[in-house]
Ligand SMILES: [Zn+2]
C-alpha cells in the first residue's frame, strides 16, 4: 500500500471512530450516573395532605390540546429514529366548589411548525376553564406547559389565580418562545417553598429541578382516596421510568440544558415509587398511551365539562 493511501485510510478510520463515539455519546448512551440522587418521601406527602382539612377533588379531567412528533431516541435514548407522538395536555381538578388547572399547554401560534396537530376546541375549553379556575399551577416553565398562561386573552385576571414559583420565573429564556407581555408580572409574587408544599386540599407541590430549574411534580389525592402524580417532563413518557433511560444527551445537553444527574435521580425515585405504591397513577408529561389507559380506567375524564351546569359554581 502506498504511503499516501495508508495515511488516507488511517484518517478515515480515525474519523469513523470519532463519529461513532460521538453518535453513541449524544444519541444512544443513557446509563444511570453515580451521582444520581433524589429523595421522594410519599409518606411525608400523605401526612401533609392529611393535615390540611377541606374538600378534596372529586374528579380529574384532561384535555389533549395538540401534539408534537419527536424521534424515539429523543424521548428514550437508544430507541431509534422512528417518529413518536408527543401529545400536549392540560388537566383540571374538579372540587365541589372550585376548580384547579394543572399545566396550560400552549397556543397554536407558540407551537408553530413543531405541532403536528392542534385542537382549537380543546384549547378554547382550556382558556375558559382557566378563567373559571381558582388556582392554576404548572409542572414547569417550558412553553408547552406555561404557554396557555402567557397567551391567555385575559392574562391579568388569570394571573390572579396562577401560582408560579420563584424558579419558574427566574430564567425567562427557559420559557422561550413563550413570553409574558411587558409589565405583566409587575408586582407578581411568586411562590417560594422548600421541597413540599400543600397548595390546596389534596394537592402537594414537590420540588423536582433538573429538566428545568422550575420543574415540580404535583401530587393529587382525590376525595375517594385515589392518587395521581403529575411528574411534568421529568419523564416525557412512562418508558423513561420503566427503562431508567433519559432523553438522548443531544437533547438534554444542547436543547434543554438539563441537569441530567438530577433527572436520573428522579427517574430512579419514580421507579421505586411505582413498585412500592403501584396504585398511584404516575402521569408523564407527554404520554398518550398512559393518558389513554387512565381515561379508559375512569381515573381521568376526557374533556373539561361545563361546570356551570352540574356544579353549584359562582356563575
Ligand atoms: Zn413538555
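Residue numbers (the working numbering): 3 to 317.
Even for Gly, the Cβ is constructed at its ideal location relative to N, Cα and C.
Comparing alpha-carbon positions, which option in the options lies nearest residue i?
i           : options               : result
residue 305 : 8, 130, 223 and 14    : 130
residue 147 : 134, 166 and 136      : 166
residue 172 : 214, 47 and 158       : 214
residue 36  : 265, 94 and 298       : 265
residue 234 : 3, 220 and 224        : 220
residue 224 : 11, 9 and 57          : 57
residue 279 : 296, 297, 208 and 231 : 231
residue 291 : 7, 86, 32 and 117     : 86
residue 187 : 157, 43 and 121       : 157
residue 103 : 168, 137 and 97       : 137
residue 168 : 161, 274 and 193      : 193
residue 229 : 114, 62, 124 and 31   : 62
residue 163 : 180, 191, 176 and 255 : 191
residue 236 : 268, 246 and 245      : 268
So is residue i buried or exposed if we call it buried at 16+ other beta carbons inside 10 Å?
i           : result
residue 82  : exposed
residue 289 : buried
residue 302 : buried
residue 39  : exposed
residue 15  : exposed
residue 132 : buried
residue 45  : exposed
residue 257 : exposed
residue 10  : exposed
residue 170 : buried
residue 105 : buried
Rounded to the nearest angstrom, how far is the Cβ of residue i from that of residue j, given a contact under 8 Å?
i           : j           : result
residue 76  : residue 206 : That pair is no contact at about 30 Å.
residue 250 : residue 34  : Not quite, the Cβ-Cβ distance comes to about 15 Å (not below 8 Å), so this is no contact.
residue 309 : residue 134 : 7 Å
residue 59  : residue 96  : 6 Å
residue 153 : residue 112 : 6 Å
residue 69  : residue 118 : 5 Å
residue 92  : residue 149 : Actually they do not touch by this definition, with Cβ atoms about 10 Å apart.
Determine, for residue i, whether the minimum Cβ-Cβ distance to residues of chain C falls below 8 Å.
i           : result
residue 101 : This model lacks chain C altogether; it includes just one protein chain.
Original post:
Could you name the residues, in chain order, whose CB is less than 6 Å away from a heavy atom belonging to ligand 1?
Top reply: Output, sorted by chain position: 144, 146, 147, 235, 287 and 288.
Original post:
Counting only runs that start and end within the segment 259–284, where is the alpha helix (DSSP H) found for 4 or more residues in a row?
Top reply: Fully contained in the segment 259–284 are the following alpha helix (DSSP H) runs of length 4 or more, in chain order: 262–278.
**OP:** Within the segment 93–131, note down every full alpha helix (DSSP H) run reaching 4 residues or more, in order along the chain.
**Re:** Listed in chain order, the complete alpha helix (DSSP H) runs (minimum 4 residues) inside the segment 93–131 are 110–113.
Original post:
Unbroken alpha helix (DSSP H) runs of length 4 or more, entirely within the segment 142–197: which are they?
Top reply: For the segment 142–197, the full-length alpha helix (DSSP H) segments reaching 4 residues or more read 145–152, 157–163 and 168–172 along the chain.
**OP:** May I have a chain-ordered list of the beta strand (DSSP E) segments no shorter than 3 residues that lie completely inside the segment 220–252?
**Re:** For the segment 220–252, whole beta strand (DSSP E) runs of length 3 or above, ordered along the chain, are 229–232.
Original post:
Fully enclosed by the segment 29–100, which alpha helix (DSSP H) runs are 4 residues long or longer?
Top reply: Unbroken alpha helix (DSSP H) runs of no fewer than 4 residues, entirely contained in the segment 29–100, are found at 44–52 and 74–77, following chain order.
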